[in-house]
Amino acid sequence: MERNEFIDYLKNQPIMNSHSHHLPDNHHSKLTLRGVLHNSYVNWCGTPVPSGDSEEEIATWLNAVRTRSYFVWLEKALMDLYCIDEHISAESWDVYDTAIRQAHQDRDWHLGLLKEKCGYKAVLLDTYWSPGQDNGHPDLFKPAYRINSFFYGYNQTARDHNGNNIQVMHNQRITDIDEYTDFIYRVLKERKQAGCVALKCALAYDRSLAFGEATKEEAQRAMVNEPDMMDIKKFQDYVFDCVCKMAAQLNMPIQIHTGLGLMVGSNAMQLQPLIARNTDTTFLLMHGSYPWIGDIAGLTHNYPNVWADICWLPLISSAAAYSLLHELIDVCDANRVVWGCDTWTGEESYGARLAFLDVLSRVLYERVEAGLLNEHDARHYAKAIMHDNAERLLGMGHQ
Ligand SMILES: [Zn+2]
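Position 88, counted from 1, in the sequence shown is what the working numbering calls 89; the numbers after and before it change by one each time, with no gaps.
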């Protein structure tokens, strides 16, 4: 088997994308080069995306971002999708800008990027700006319901980092913890009936992932006007255990953001006690817990209810994704690894897919060459991680 032949084989395989924040239709029709960059992780590199008018500004920005993995894969995507040979520079800026504007005059271009260019059969969508949406395309997008607001429903004034509080969203004034968890269960059931296939927790941007055990009495203490930090922690710890049990009952997997975020307390190993207490719940630990990728390998080794969702990781660092994938093949069965793009636009999604297929083909090819894997198993593994595992996951949510 030649490596190129193997990459071509992978490029033609359908994908079930485990995680995306693809923006609603009206955002894409207005896209420019600046818009694509602005709605991408290149905008997370600490140097503002230039307006495109000043040569000097573009040069300074390029110097800051051009070696970053986020930029490298997005640029490759744009060059490939818009058939441009020149790299992004002040001179080529308008060429990219015009190509993007023209393509998006076809209002379905962004969906075509996902369906035809990326080969996605389905995409788990986390619309954190309005949790639980399918962007009006239920054939393609399957909502993963963001549950951050559950952890801020202890009173009427708290808000999660997207500005939500589940009580306020549903016009409730509950002050009793039992009533509150009953209410949460009703919300989850309703969401499931509305088509949500998974739950998504992004609390690593707000607090440590060390969810300890808490009693009902401890949780109740936060349900007053001015709870202290410990009361809030206990409330959130208690609510997460309840949500894990409800998710198991409703057969909905829970996706949890691990790594980066606040950094302090965001490594996946912090979740070990929660996972050990909730063996009937399926946990998808996302992003390879970067930079603590070993945490994911260790947890999948010991806990059959833990899946590795390596969404975003090949874009953050292809090198880290490469290492983790090698480790996962060593320690975790082929049925519990999935990938998603974790992006806002079709262009960046295509770049994320390029990064992922580069890592996947490299790792599998090396293992075949080294005699650690036969060719048939390499193809089987690729199909599992690209499609079959996430398909099973979607099936879980539908039961
Ligand atoms: Zn995400």
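Where a beta carbon is used, it is the ideal one built from N, C-alpha and C, also for glycine.
| Query | Result |
| --- | --- |
| Three or more C-beta pairs below 8 angstroms linking the segment 18-32 and the segment 363-374 | no |
| Through-space distance from Lys190 to Gln400, alpha-carbon basis | With a pLDDT of only 48 at Gln400, under the threshold of 50, the placement of this residue in the model should not be trusted; the figure read from the coordinates follows. Approximately 12 angstroms between the Cα atoms of the pair. |
| Own chain partners of Tyr97 with C-beta closer than 8 angstroms, once the 5 adjacent residues on each side are dropped | Leu34, Leu79, Tyr83, Ile85 and Ile89 |
| Three CB pairs or more closer than 8 angstroms across the segment 287-306 and the segment 229-244 | no |
| Touch test, the segment 239-254 against the segment 265-273, Cβ-Cβ under 8 angstroms, three pairs minimum | no |
| Cross-strand partners of Arg147 (DSSP beta bridge) | Lys201 |
| Residue from Trp345, Ile148 and Gln173 whose Cα sits closest to the Cα of Asn163 | Ile148 |
| Contacts around Val169, its chain only, beta-carbon distance under 7 angstroms, and the 5 residues preceding and following it disregarded | Gln157 |
| Reduced DSSP category for Lys122 - H, G, I as helix; E, B as strand; rest coil | strand |
| Distance between Asn166 and Asn172 (C-alpha atoms, nearest Å) | 10 angstroms |
| Coil, strand or helix - Met247 by DSSP | helix |
| Asp107 burial status per 10 Å Cβ neighbour count (16 or more: buried) | exposed |
| Alpha carbon of Tyr186 to alpha carbon of Glu349, nearest angstrom | 36 angstroms |
| Inter-stretch contact at 8 angstroms, needing at least 3 Cβ pairs: the segment 281-288 / the segment 298-314 | yes |
| Arg174 classed as buried or exposed, judged by whether at least 16 other C-beta atoms fall within 10 angstroms | exposed |
| Simplified DSSP assignment, three categories, for His327 | helix |
| At least three beta-carbon pairs within less than 8 angstroms, the segment 248-256 to the segment 208-221 | no |
| Inter-stretch contact (C-beta, 8 angstroms, three-pair minimum) for the segment 42-59 and the segment 126-133 | no |
| Cα-Cα separation, Pro1 to Leu261 | Only positions 2 to 400 of the chain appear in this structure, which leaves residue 1 out of reach. |
| Element boundaries [alpha helix (DSSP H), containing Ser350] | Gly347 to Glu370 |
| Extent of the continuous alpha helix (DSSP H) run through Leu141 | Where Leu141 is concerned, there is no enclosing alpha helix (DSSP H), given that its DSSP letter is neither H nor E. |
| Leu38 versus Tyr304, Leu204 and Thr346, residue with shortest Cα-Cα distance | Thr346 |
| Inter-residue CB distance, His258 and Ala298 (contact presumed, cutoff 8 angstroms) | About 18 angstroms separates the two Cβ atoms, so there is no contact after all. |
| Top-ranked residue by Cα proximity to Leu200, from Asp140, Tyr146 and Gly213 | Tyr146 |
| Beta carbon proximity, Glu392 to chain D, threshold 8 angstroms | The structure shown contains no chain D; it is built from a single protein chain. |
| Whole-angstrom C-beta distance between Arg4 and Ala362, which should lie under 8 angstroms | Correcting the residue identity first, residue 362 is Ser in this sequence and not Ala. Rounded, the Cβ-Cβ distance is 7 angstroms, consistent with contact. |
| Opening and closing residue of the alpha helix (DSSP H) in which Ser70 lies | Ser70 to Leu82 |
| Three-way DSSP call (helix, strand, coil) for Asn390 in this model | helix |
| CB contact flag (Thr301, Arg337, <8 angstroms) | yes |
| Status (buried if at least 16 other CB within 10 Å, exposed otherwise) for Gly154 | buried |
| Between the CA atoms of Pro49 and Arg72 - distance to the nearest angstrom | What sits at residue 72 in the sequence shown is Phe, not Arg. Taking the straight line from one Cα to the other gives about 13 angstroms. |
| Local Cβ density within 10 Å of Glu376, reported as buried at 16 or more and exposed below that | exposed |
| From Arg192, Ser150 and Asp389, residue whose alpha carbon lies closest to that of Ala335 | Asp389 |
| Trp45 classed as buried or exposed, judged by whether at least 16 other C-beta atoms fall within 10 angstroms | exposed |
| Cα-Cα separation between His327 and Val360, rounded to whole angstroms | 10 angstroms |
| heavy atom of ligand 1 below 7 angstroms from Asp127 C-beta | yes |
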